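**Q** Sharing a structure, written as structure tokens. Questions coming.
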Amino acid sequence: MTNSIEIKQASKAYQRKNQTPVQALDKLDLKAESGDFIAVLGPSGCGKSTLMLSAGGLLEVDSGQVVINGQDLSQLSSSQKAEFRAKNVAYVYQEFHLIPYLNVIDNVRIADLALGSGSEQKAEEILKKFGLAERAQHLPSELSVGEQQRVALSRAIYSGAKIILADEPTGNLDSENAETVLKALKDFTEEGGIVIMVTHDDRAVAYAAKKLSMSAGQWSA
1 MTNSIEIKQA SKAYQRKNQT PVQALDKLDL KAESGDFIAV LGPSGCGKST
51 LMLSAGGLLE VDSGQVVING QDLSQLSSSQ KAEFRAKNVA YVYQEFHLIP
101 YLNVIDNVRI ADLALGSGSE QKAEEILKKF GLAERAQHLP SELSVGEQQR
151 VALSRAIYSG AKIILADEPT GNLDSENAET VLKALKDFTE EGGIVIMVTH
201 DDRAVAYAAK KLSMSAGQWS A
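Residue 1 is where the sequence shown starts when you use full-length UniProt numbering, and the numbers rise one by one after that.
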């Protein structure tokens, strides 16, 4: 199955009291398909975070469309959108967002725990791939920064989603851990996934096959 994400003429503005609205996205287009690894660059405030939130359906655009694997997200209810997103899109953040009172393997399997489903063996195999097998029963507070980011990436891959939206995934990492994360993202695209990554890190940019720069909610030259 070919995976795809297409953003068509997307606009999003934030209204501030008694001030001119901030146009975060301005008729922006973006298309990515299986195998694409895209780095999104640009200064703070140019719309990158809004793009990432909109691309995964966490934020509704004011106009335009976000279409993932042929599904227009605007046609889904909130609950349908959440279910669709869980199956198709995974986020990796600079801040990790691990659950502090759950151990590593349960953080990886977090989406399945409430349902009592999923595969512990699959989670163990992913953790082994990232050199975290011996950390499976540790809490996030017992891990290094690099290990926490690898757990967050393990969680994204475990989800089975074929689109990863990564927001500064190497921002807090040393060179060795950054290389581990970036290589894993590249491997993910080589296996048919899609990665769209916001970054200021030259190391990360070097891994991406395509670089796009944003300015004032639009692509810049």
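Built from N, CA and C at the ideal position, the CB exists for glycine as well.
None of the values given here were measured: they were computed from a predicted structure.
Beta-carbon separation of Gln-80 and Asp-72 under 8 Å?
**A** Counting from one through the sequence shown, the residue named residue 80 turns up at place 80. Counting from one through the sequence shown, the residue named residue 72 turns up at place 72. It is not a contact, given that the beta carbons lie outside the stated cut-off.
**Q** Would you list, in sequence order, the uninterrupted beta strand (DSSP E) runs of no fewer than 3 residues that lie entirely inside the stretch 148-200?
**A** Runs of the beta strand (DSSP E) inside the stretch 148-200: 163-167, 194-198.
**Q** Between the alpha carbons of Asp-202 and Ala-123, how many angstroms are there, rounded?
**A** Numbered from its first residue, the sequence shown carries residue 202 at position 202. Numbered from its first residue, the sequence shown carries residue 123 at position 123. Taking the straight line from one Cα to the other gives about 31 Å.
**Q** In whole angstroms, what separates the C-alpha of Gly-160 from that of Asp-26?
**A** As a position in the sequence shown, residue 160 is number 160, starting the count at 1. As a position in the sequence shown, residue 26 is number 26, starting the count at 1. Whole-angstrom Cα-Cα distance: 32 Å.
**Q** Taking its Cβ as the centre, do 16 or more other Cβ atoms sit within 10 Å of Gln-149, making it buried, or is it exposed?
**A** Within the sequence shown, residue 149 is the residue found at index 149, counting from 1. By the 10 Å Cβ count, Gln-149 comes out buried.
**Q** If the criterion is Cβ atoms closer than 8 Å, does the pair Asn-107 and Val-151 meet it?
**A** Locating residue 107 in the sequence shown gives position 107, counting from the first residue. Locating residue 151 in the sequence shown gives position 151, counting from the first residue. Contact: yes.
**Q** Thinking C-alpha only, which one of Glu-147, Arg-135, Lys-87, Ser-74 is nearest Phe-96?
**A** Start at 1 with the first residue of the sequence shown, and residue 96 comes out as number 96. The candidate whose alpha carbon is nearest that of Phe-96 is Glu-147.
**Q** Which residues bound the beta strand (DSSP E) around Ile-38?
**A** Stepping through the sequence shown from its first residue, residue 38 is reached at position 38. It spans 37-41 - the beta strand (DSSP E) in which Ile-38 sits, taken as one unbroken run.
**Q** Assuming Leu-185 and Phe-84 are in contact, meaning their beta carbons sit under 8 Å apart, how far apart are those beta carbons, in whole angstroms?
**A** Numbered from its first residue, the sequence shown carries residue 185 at position 185. Numbered from its first residue, the sequence shown carries residue 84 at position 84. About 22 Å; that fails the 8 Å criterion.
**Q** Buried or exposed: where does Tyr-101 fall if 16 or more other Cβ atoms within 10 Å of its Cβ makes it buried?
**A** Counting from 1 along the sequence shown, the entry for residue 101 is found at position 101. With fewer than 16 neighbouring CB atoms inside 10 Å of its own CB, Tyr-101 falls in the exposed class.
**Q** Ends of the beta strand (DSSP E) at Leu-53?
**A** Numbered from its first residue, the sequence shown carries residue 53 at position 53. If you look at Leu-53, you'll find it isn't in any beta strand (DSSP E); it sits in the alpha helix (DSSP H) that goes 48-55.
**Q** If you run the structure through DSSP and keep just helix, strand and coil, what is Gln-121?
**A** Residue numbering aside, residue 121 sits at position 121 when the sequence shown is read from its first letter. Helix at Gln-121.
**Q** Val-104: which of Asn-69, Ala-10, Leu-132 sits nearest, CA to CA?
**A** As a working note, residue 104 is residue 104 in the sequence shown. Closest option to Val-104, Cα to Cα, is Leu-132.
**Q** Just verifying my parser: in three-state terms, what is the DSSP assignment at Glu-142?
**A** As a first step, residue 142 is located in the sequence shown; it is residue number 142 there, counting from the start. Correct three-state label for Glu-142: helix.
**Q** Taking DSSP as the reference, what is the three-state secondary structure of Ser-44?
**A** Along the sequence shown, one-based indexing puts residue 44 at 44. Under the three-state reduction of DSSP, Ser-44 is assigned to coil, being neither helix nor strand.
**Q** Report buried or exposed for Ser-54, applying the criterion of at least 16 other Cβ atoms within 10 angstroms of its Cβ.
**A** The residue labelled residue 54 in the question sits at position 54 within the sequence shown. Per the 10 Å Cβ criterion, buried.
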